[in-house]
Amino acid sequence: MIVYEVNLQIDSIAADEYAEWLGPHIEQILDIEGFHNAEWFVCDSEDDKVNWSIRYHLDNRESLENYQQNHAPALIKEGIDKFGKYLTSNRRVMCLR
């Protein structure tokens, strides 16, 4: 099992609109072969940003590589085009030991 984690920091002024966009975005990713489910965590914050962590559970690394090569560029661009000035993000991949 692979966990693909996307950590988001968004300005509070845009958080509600981003949340409305993010729900369907997550569902779109879950429609990609190899993705099973996602968890949306609200993270503590010491500033005026809203911090979320989305953890996607995938079958295997091949499913992740398919996503990264064939789907991620357009999906990430969509979010940046709409919210880029309010948003920073980072990603990491974890394997169940």
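Residue numbers (this note's numbering): 339 to 435. Glycine included, C-beta positions come from ideal geometry on N, C-alpha and C.
C-alpha gap between residue i and residue j, whole angstroms
i	j	result
I340	F373	9 Å
D382	N408	33 Å
L413	I392	15 Å
K387	D397	32 Å
K415	L425	12 Å
Y356	F421	7 Å
W359	D419	12 Å
Local Cβ density within 10 Å of residue i, reported as buried at 16 or more and exposed below that
i	result
V380	exposed
A353	buried
V431	exposed
L434	exposed
Close-in-space but distant-in-sequence residues of the same chain around residue i (CB under 6 Å, 5 per side omitted)
i	result
H363	none
Candidates the options, of which the one nearest residue i by Cα
i	options	result
N428	N389, E400, E416 and N398	N389
N345	R399, E355 and A376	A376
Residues near residue i in its chain [Cβ-Cβ closer than 8 Å; skip 5 each side]
i	result
E371	S401 and N404
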